[in-house]
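Protein chains in written order, with the working numbering: chain Z, 1 to 113; chain R, 114 to 227.
Here it is as structure tokens:
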């Protein structure tokens with residue numbers, strides 16, 4: 001069955017701390033991977049995506065993610081978080097054939113100033 | 114920037130009643146999705162349309178839920194009858210082609226079933 005699993009439900013960090021959010025997927029066939037973010041009071045929006053090529057992808061606002069095929073993982077990282085990064089982060093996997101996109105359960109990140 | 118429009122923003126209903134949600138995707142977007150998001154969880158795909166055709170509705174509880182996109186533009190999601198467990202945020206999203214592209218999400222409809 002297709003599934004996306006996020007390791008941490010709630011993460012609390014101080015500003016300038018480094019961030020890594022875990023994501024593992026189970027998806028038959030060729031899969032594309034995404035991280036979406038939802039800032040307080042805003043819509044879900046795309047942070048970054050991986051389709052093929054360089055397994056290290058860079059997104060907006062200094063975020064990056066690394067695709068490790070052997071581990072079925074797509075972890076999100078940021079070297080130094082800011083208070084404005086407080087949000088909910090969702091990992092998602094999509095079928096390259098059908099475009100069906102499924103989401104993980106989300107990780108709430110709280111950054112303390 | 115163009116947005117996905119959803120209405121109503123909030124809906125309170127009693128169990129056994131019928132409810133309907135409306136979504137107008139970004140103009141020109143062929144793919145439309147309805148997701149359900151329970152508090153503390155990620156969005157769960159209910160139905161995916163490609164133009165007016167259903168691509169995936171494997172997670173749609175078809176005994177009570179229905180969705181249509183008759184002209185391949187706007188879409189309606191209906192629940193009849195509503196149950197207490199249906200209380201959730203119902204999100205609509207669209208993309209130009211499919212989920213391998215960027216999805217644009219609406220603000221959602223927050224449903225409370227009493």
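Positions of the beta carbon are idealized from the N, C-alpha and C atoms, including for glycine.
- Unbroken beta strand (DSSP E) stretches of 3 residues or longer found wholly inside the region 11–37 of chain Z: 19–21, 23–26, given in chain order.
- Look at residue 98 of chain Z: its C-beta is under 8 angstroms from a C-beta on chain R.
- Only residues of its own chain outside the window of five on either side were considered, and among them 5, 72, 73 have a CB closer than 6 angstroms to the CB of residue 24 of chain Z, listed in chain order.
- In its chain, beyond the 5 residues on either side, 25, 26, 27, 102 have a beta carbon closer than 8 angstroms to the beta carbon of residue 3 of chain Z.
- Within its own chain, the residues whose Cβ lies closer than 7 angstroms to the Cβ of residue 214 of chain R, once the five positions on either side in sequence are excluded, are 208, listed in chain order.
- The beta carbon of residue 160 of chain R does not come within 8 angstroms of any beta carbon belonging to chain Z, so the residue lies off that interface.
- The C-beta of residue 154 of chain R comes closer than 8 angstroms to at least one C-beta of chain Z.
- Rounded to whole angstroms, the separation of the alpha carbons of residue 157 of chain R and residue 201 of chain R is 11 angstroms.
- Close CB contacts of residue 210 of chain R within its chain, under the 8 angstroms cut and outside five residues either way in sequence, are with 143, 144 (chain order).
- Shown in chain order are the members of the region 204–217 of chain R whose Cβ falls below 9 angstroms from a Cβ of chain Z: 204, 206, 208, 210, 211, 212, 213, 214, 215, 216, 217.
- Under DSSP, the beta-bridge partners assigned to residue 204 of chain R are R:148.
- Where residue 75 of chain Z is concerned, the enclosing beta strand (DSSP E) starts and stops at 73–78.
- Contact between residue 94 of chain Z and residue 32 of chain Z holds, with the beta-carbon distance rounding to 5 angstroms and staying under 8 angstroms.
- Rounded to whole angstroms, residue 60 of chain Z and residue 216 of chain R show a C-alpha spacing of 16 angstroms.
- 36, 43, 44, 45, 46: these are the residues of the region 35–47 of chain Z whose beta carbon lies less than 8 angstroms from some beta carbon of chain R, given in chain order.
- Separation of the CB atoms of residue 194 of chain R and residue 131 of chain R is rounded to 7 angstroms, and the pair is thereby assigned contact status at 8 angstroms.
- A straight-line Cα-Cα distance of about 11 angstroms links residue 57 of chain Z and residue 75 of chain Z.
- A direct Cα-to-Cα measurement between residue 151 of chain R and residue 53 of chain Z gives close to 35 angstroms.
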